[in-house]
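Taking the numbering used here, the leading residue of the sequence shown gets 1165, the next gets one more, and so forth.
By construction, the Cβ of each residue, glycine as well, lies at the ideal position given by its N, Cα and C atoms.
Bear in mind that the values here come from a model prediction, so they are computed numbers and not experimental data.
For reference, the structure is listed below as structure tokens.
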Amino acid sequence: MIKGYLGLVLHGHIPWCKKSGTWPAGEEWLFEAMLESYIPMLNILRELKENNLKTAITINITPILAEQLADEYMKQRFTIYMENLILRAKNDFDRFKNQAKRKEIAEFHLKNFEHVLDTYYNNYYQDILGSFKWLQNEGMVELITCAATHAFLPLMKSDSGIFSQIELAVDTHRKYFGREPKGIWLPECAYRPEIDLNGKYRESIDYWIHNSGIEYFFVDAHGILDAELLESNNSIGLNTNIGYILESGVSVFGRNKNASKQVWDAEIGYPGNESYMEFHKKDAESGLNYWRITNKELSNEHKELYQPEGALKQLELDVDHYIALLRGEVNSFYNAHQTTGIIVSPFDFELYGHWWKEGIQWLKFLFHAIINADEVNMITISEYLSSYRHTFSTIQMKESSWGEGGHFQVWQNPEHGWIWPYINSSINQLEDVLKKKSNPDGWAQRILQQTARELLLMEGSDWPFLLYTKQAKEYANQRFHKHHQFFNKLIWAAKDPEDKARISLKELENIESMDSCFQQLNLKYFERIEP
């Protein structure tokens, strides 16, 4: 008897990086994710489908990621990247001819690289988005959307900023996947309720979600647990093992702490096991990984060589442990409330395969194991919603995110809070220009559309996040300022498009070639929304 479900949600996102650096920050972010996460996931799901085995995963491909995966320039660059990796692995294979263990690992890498490139061309025809669409149409996955450029929506002071991000997301999802998205991953799982600041009323984030026809989203656990329950006859109370409804009519699900922590947590999470590949230590010549974690306390020079067979054995143990954890969660909830619950487990897609090299293989083992498990099975969020929404209670939520501290301090703090006045001022400037130019001609429209693209790229939550974590601080700083400078030049030109001295055709074409996302964006989305 099924007593509960696993709602696995994978959030695929890479910020726009076309022609904006290669390594250590830039285009290779995308190529690594394609190699290690997206294509291997397609391979697993395709294999399951061919064997008539059904799974149920909810996958978010952010609109800005979709635009890059569809971009012909980026496809060509990925092929060059893969050919270079294959060459490096071949060179390592020859270099380690007298070192049997290293030679074996070099061959392991070589076979993997060749297989990924082969399937990219011969199974998926360089069309990752179309392949996920096929899996969607075959009932293997549910695809959902996210704000267009992964903007941190609660800190936008103009409603057009929120509206444009969500409406463009819906348009882009429909373009690539042929359906209206039923769900949305709010960037950073960041939510804000309705507010009244000094007499200025702002609608809640879910108001705009509801407006776009989207039915559900996710928050971190405390978003649910700190909410106010509006129904006195609710016997369950506040619990992340079931969904809730907001007053807008949109449903919301909270992240299950136990199921997420077991994978995500730096201390107890599976990816930190000593048998798994060490992410941070790379060969000095080829840049490939040859070592296992060994011990998290050891410095890199003391790491031992990777053992693929040992990693596979550990994967089996970790999957068995996770199935037992899931059983415990669903049994506990069902026995307490006589209700079929859902364990919502949202993760960054790139955790599986990129950050945790064996993560995709772990998912494969999990999919097979859960098919044969009693008491628990997998389900997409929409499937659960359609069957159990009548059991949901209505709540009011406070602001929250899944970032450090649980609120907004990662994206707005004294060190890089300077970003937000730039973003909010730019939104207002574009609103002002569009108010005066409601029906721009071809040249003016072209300038305005590129202005909107630069605004969208400025708005990405990646830049303040990278500034906060200092992972790629200088790159994030440069990228934000580059898009802001382009915006300033373009908005100046948009104010008087007849003055050709403000921007030349060559200058515009140069910007367009770098930041070519959302070719069909609707300028109406960026117009000021009057209260």
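Asked                                                                                                                              : Found
Euclidean distance between Cα positions of residue 1541 and residue 1417                                                           : 18 Å
DSSP three-state assignment for residue 1643, whether helix, strand or coil                                                        : helix
Proximity to residue 1254 [Cα-Cα], best of 1360, 1209, 1449                                                                        : 1449
Beta-carbon proximity list for residue 1332, same chain, < 8 Å, skipping 5 on both sides                                           : 1227, 1312, 1620, 1682, 1685, 1686, 1689
Beta carbon of residue 1297 nearer than 8 Å to that of residue 1238                                                                : no
At least three beta-carbon pairs within less than 8 Å, the segment 1359-1369 to the segment 1242-1259                              : no
Three-state class that DSSP yields for residue 1349 in the structure shown                                                         : strand
Alpha helix (DSSP H) segment containing residue 1175, residue limits                                                               : From DSSP, residue 1175 is part of no alpha helix (DSSP H) but of the beta strand (DSSP E) over 1168-1176.
Residue 1225 (DSSP reduced to helix, strand or coil)                                                                               : strand
Whole-angstrom C-beta distance between residue 1319 and residue 1651, which should lie under 8 Å                                   : Actually they are not in contact, since the Cβ atoms of residue 1651 and residue 1319 sit about 18 Å apart, beyond 8 Å.
Nearest to residue 1454 (by Cα), restricted to the options 1400, 1460, 1463, 1468                                                  : 1468
Three-state secondary structure (DSSP) of residue 1673                                                                             : helix
8 Å contact criterion, which residue 1640 and residue 1654 should meet: CB distance rounded                                        : Actually they are not in contact, since the Cβ atoms of residue 1640 and residue 1654 sit about 21 Å apart, beyond 8 Å.
Short Cβ contact (8 Å threshold) for residue 1483 with residue 1519                                                                : no
Beta-ladder partner(s) of residue 1560, from DSSP                                                                                  : 1392
Chain D contact for residue 1583 (CB, 8 Å cutoff)                                                                                  : The chain labelled as chain D is not found in the depicted structure, where only one protein chain is given.
DSSP beta-bridge partners of residue 1456                                                                                          : 1441
Reduced DSSP category for residue 1516 - H, G, I as helix; E, B as strand; rest coil                                               : strand
Straight-line Cα distance separating residue 1192 from residue 1440                                                                : 23 Å
Best match in 1424, 1538, 1208 for proximity to residue 1512 [C-alpha to C-alpha]                                                  : 1424
Close-in-space but distant-in-sequence residues of the same chain around residue 1509 (CB under 8 Å, 5 per side omitted)           : 1170, 1171, 1172, 1173, 1419, 1420, 1423, 1424, 1427
Beta-carbon contacts of residue 1533 that lie in its chain and below 8 Å, excluding the five residues immediately before and after : 1483, 1484, 1487
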